[in-house]
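Residue numbers for the sequence shown, in our numbering: 6 to 830.
Backbone N, C-alpha and C define an ideal beta-carbon position, used for all residues, glycine too.
In what follows, a single structure is set out as structure tokens and then discussed.
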Amino acid sequence: MNAHHFAETRSAHASKLLDPIQLQVVKQRIVAVPNLIEKNVERTAFSVLVQEYKDYAVGFVDPTGRLVAQSRHSLPAFVANALGLAVRAGLREIGEDDMHSGDIMIVSEAAVLGKHINDVVAYTPVRAQGRLLGFFAVLVHWIDVGGAVTGSCFSPSTTDVFQEGTQFPTVKLVSRGKRVRDIFRIIETNTRFPKLLMGDLEAQLGGCLMGHDMVQEIVVQYGPDMLMAAVDEMFTDADRAMERALSALPPGTYKASSFMDDDGVRIGEPIRIDVSVTIGDGQMTVDLSGLSEQLAGPFNAGRDGGAVAVARMAAKILFAGDTPVNEGDFMRVHVDIPDGKFLSARPDAPVGGAGNTSATVVDTIISALAPAMAGQVPAGHHGIYGTHTISGRLPSGERYLSLDAMSGGWGAFATADGPGPYRSLTHGDVRDVPVELQEAYYPYRIEAKQLRADSGGAGRHRGGLGIEKVYRFLQDCTLLAKVERTGCPPWGLSGGMPGSCPAGHVDHQDGRQLEMKKGQWPMKAGDSARILSGGGGGYGHPHERDPRSVAEDVRQGYVTAEAATLDYGVVVAPNGGVDAVRTAVLRGAVSADTGALFGEGQDLYLVMTRPVDGQDRLFNHWYSATHVHDLLAIPGIAAAQRFRLHGAAGQSHDGPPYLAIYALAETQRAIDGIVARRGTSLMPSTSALDRSASVAVVYSPAGQPLRVREPEGGGAMLMLGLNTAERDTSLDEALQNQWQPALAALPGINAVRWYRASDFQTKPELPRYHRVLYAHVDDSAALRAALDSGALDALLASISNAGGVASVIRCDALTAAVTPVQQDQ
């Protein structure tokens, strides 16, 4: 806050002396300079990494290292504090008095920047009449600085920073306009790509000098006082805007959690990300003490380059995303983290993958504030870099390195579908390297680069899609990859479903297929690699999405017909339109009155199914959208409904997970009709159905239904299956007078019916349950709480004491009850 008051005081004084119109002109000139310089750096650099991937940052900082302006297209990971950290280190190590006009310093030390050591900041002082006005700085990711692997920072298994290449403490690369040749020679000697790196370095130095000159032009035209007054006002404006945004939030502490797979060394040990954000008095404090300890593998970062950077990125995205960045954006953002966490690691920790965790941590911080921001926070995005490199030698003997990162889906908003595929939010608008350029430069072909259907989380608004990318290698090479978040899918919000996780595999010509997560693989000519990026989370319940939008998504290939049925509850007709009747049946499941299926005096035909051959979604789509409806054309079937089964109490349910119940008005006629139609167009999947239908039993009503109240419809029921001796009726009295009333007394139950296995069966196997009670639910939450507290213990003990064995199964409706009348509409 001292910096804030200092800026306010100077700005107030300046405003009395200086023309406010000129002040605004100078502010805009300052902001424009880095944007102009970044284009020049991009245009003159040698490597694709800078030209296309935009792994750089350009900016102007004040005499104390506070960020004044940074180029619009700089990576967000650098926006927070990278340039200022470098300058402050120089002020400590060299001192202001020994930083002369014409000097250019560089630094990449992990202890300073807290990032991987390929990131090198070059900066030069800007002076007027001996007065230090600030520094112009350019950060560039150097393509290779030595170390264990090509590209230096891409190994997934380094265990200290010294395995990752050459670090540069703060040193002068140019002194009073003269190059320090020894430093240039050290740089050129310690890289696998001297031509590319030295070309990028020239672009970096040129950017420093041109930026210096353009700031000097502002000073010459308006004077140093006007420049410094504009800087102070920029800080003050940004701080006040942040104060307004933070003060509008309800005070409190908000929490969220996520995790990453592992650190590449301790395989299978998740990286814990537990964050807490406190809002109050116009301040934001991000507590990262819940992060995992420093990691054995290369996914650490220093405190400033890690913890402080992610907190600042989250704050900028949430509260000031539309304004140019400067230090004023962060005066009210504070970070609590003890030393020794993976984002406050020791200087010797491996940091090659320092940025790979940032996107997920930032997204988790943003997610924590969702309850405080009333629909302004999107669902989770794919959240990883997913970097993969391909390296080797060209036929000429020259080395090459191709770097790419995953583009995936971003989370949906309260008012719109998620965008994408884009890179992670810590990449910003970094564009994909064009396929044509990759194939021209490198010895591989990209056989596919396409949207990944169903990867966006379902919701009222759908998450953005991931992509599928397939490389075919034309010569031997080395593939390195860091595929993450395979166990922590991008989360949905407000009932939205999560997006798909990323994945990848390597296919060798000899038939071997290897999973691709973190690792290094030697590839032969003809081998291929398939990379699948994650999708964004959905927002809002999927059944709230307009069915016409779902049908359009199917037409566009964003969503499959199976996902439309199973996730959105929408049946797409053969003509591409919406089948309104069948859609209503699916979407009505959640509020269905399960008792409506049970006609007085009608037998029930129970078919329990377990999909085979890994075809779960395809099978369920066919059954819910087609089969359960088609069977209603068979005379004698009065109604049908499907359920998903979950064991609730008693003997564990190890049977099939799906149940279809058919109410039979004429049992013999209905069963004859089913048998007669096998192999016809009404039952085209006979083989799959027969192999999956492990239970098919006819039950007849017994006793009287016990009604507690008028049903409201809860989309679920409890099924109590009772095993007794085959024709033992001695327990029926207890069932009618004790156990049925005990079920009816449970919270959330509106009626109970019971049935016994019929003498008429379609299969020779004995029924799994000889008696079945159905308890219809209209308050699932109340029933679940009762079951969790042991409300069925006494009932199950009574059944056991009487010599019976019971299984209690929760049946969640997948469809509403279907009747022949509906089929005629």
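Check whether the region 371 to 389 and the region 487 to 499 touch, using three or more Cβ-Cβ pairs below 8 angstroms as the test. yes
Starting from the Cα of Gly416, find the closest Cα among Ser396, Gly542, Thr69 and give me that residue. Gly542
Looking at C-beta atoms only, is the number of pairs between the region 237 to 253 and the region 276 to 293 that lie closer than 8 angstroms three or more? yes
Have a look at the DSSP bridge pairing and note the partners of Tyr446. The partner list for Tyr446 (beta bridge, DSSP) is empty, contrary to what the question assumes.
Just to check, is the beta-carbon of Met265 closer than 6 angstroms to a non-hydrogen atom of the ligand ADP? Inclusion of the ligand ADP in the displayed structure is not the case, the ligand content being empty and no account of it being possible.
Can you have a look at Phe765 and say buried or exposed, based on whether 16 or more other CB atoms are within 10 angstroms of its CB? exposed
Taking the beta strand (DSSP E) that Ile109 falls in, what are its first and last residues? 109 to 112
How would you label Ile770, buried or exposed, when you count the other beta carbons within 10 angstroms and need 16 or more for buried? The sequence shown places Glu at residue 770, not Ile. Exposed, since its Cβ has fewer than 16 Cβ neighbours within 10 Å.
Give the DSSP-derived three-state secondary structure of Val810 in the structure shown. It is a strand residue.
Along the chain, where does the beta strand (DSSP E) containing Ser407 start, and where does it finish? 404 to 409
Mapping DSSP to helix, strand and coil, what is Ser690? Any reading at Ser690 must be qualified, since the residue scores a pLDDT of 49, below 50, and its modelled position is unreliable; the value itself is stated next. Ser690 falls in the coil class under three-state DSSP.
Report yes if the C-beta distance between Thr820 and Leu637 is below 7 angstroms; otherwise report no. no
What is the residue span of the alpha helix (DSSP H) that Gly212 lies within? First-last of the alpha helix (DSSP H) with Gly212: 199 to 227.
Can you say whether Val440 is buried or exposed, counting buried as having 16 or more other CB atoms within 10 angstroms of its CB? exposed
Could you tell me which residues DSSP puts in a beta bridge with Val633? In the DSSP assignment, no residue is bridged to Val633.
With C-beta atoms as the reference, is Ala668 less than 7 angstroms away from Ala701? No, Cβ-Cβ distance for Ala668 and Ala701 is not below 7 angstroms.
Are there 16 or more other CB atoms within 10 angstroms of the CB of Lys177, so buried, or fewer, so exposed? buried
If you compare alpha carbons, which of Val435, Lys474, Arg682 is closest to Tyr449? Lys474
Cutting at 6 angstroms between CB atoms, please list the residues of its own chain near Asp422, excluding the five before and the five after it. His466, Arg467
Using the rule of at least 16 other Cβ atoms within 10 Å of the residue's Cβ for burial, across every protein chain shown, is Asp3 buried or exposed? Because the chain spans 6 through 830 in this model, residue 3 falls outside it and cannot be assessed.
Can you give the beta carbon distance from Leu90 to Asp309, rounded, assuming they're within the 8 angstroms contact cut? 5 angstroms
Local Cβ density within 10 Å of Ala811, reported as buried at 16 or more and exposed below that: buried
Ser263 to Val315 span [Cα, whole Å]: 15 angstroms
By the 10 Å Cβ neighbour count, where 16 or more other Cβ atoms means buried, how is Ser596 classified, buried or exposed? exposed
What residue from Gly574, Thr672, Arg553, Ala630 has the CA that sits closest to Gly604's CA? Thr672
Identify whether Thr258 lies in helix, strand or coil by the three-state DSSP scheme. strand
N- and C-terminal bounds of the beta strand (DSSP E) containing Ser281: 276 to 285
In this structure, how does DSSP classify Ile342 when only helix, strand and coil are distinguished? coil
Can you give me the C-alpha to C-alpha distance between Val31 and Ala235, rounded to a whole angstrom? One Cα belongs to Val31, the other to Ala235, and the distance between them is close to 6 angstroms.
Does Leu895 come out as helix, strand or coil in the three-state DSSP assignment? Within the shown structure, residues of the chain are numbered from 6 to 830, placing residue 895 beyond reach of any answer.
Nearest-angstrom Cα separation, counted from Tyr227 out to Arg93: Looking at the two C-alpha atoms, the distance is approximately 27 angstroms.
Is it right to say Tyr446 is buried, meaning 16 or more other beta carbons lie within 10 angstroms of its own, or is it exposed? Exposed, since its Cβ has fewer than 16 Cβ neighbours within 10 Å.
CA-to-CA distance, Pro825 to Val575, given in whole angstroms: 20 angstroms
Which first and last residues belong to the beta strand (DSSP E) in which Gly652 is found? In the DSSP assignment, Gly652 falls within the beta strand (DSSP E) that extends over 642 to 655.
Taking 7 angstroms as the cut-off, decide whether the C-beta atoms of His121 and Val270 are in contact. No, the pair does not count as a contact, with Cβ atoms beyond the cut-off.
Residues near Gly501 in its chain [Cβ-Cβ closer than 8 angstroms; skip 5 each side]: Ala384, Ala417, Gly462, Ala463, Gly464, Arg465, His466, Gly468, Gly542, Gly543, Tyr544, Gly545, His546, Pro547
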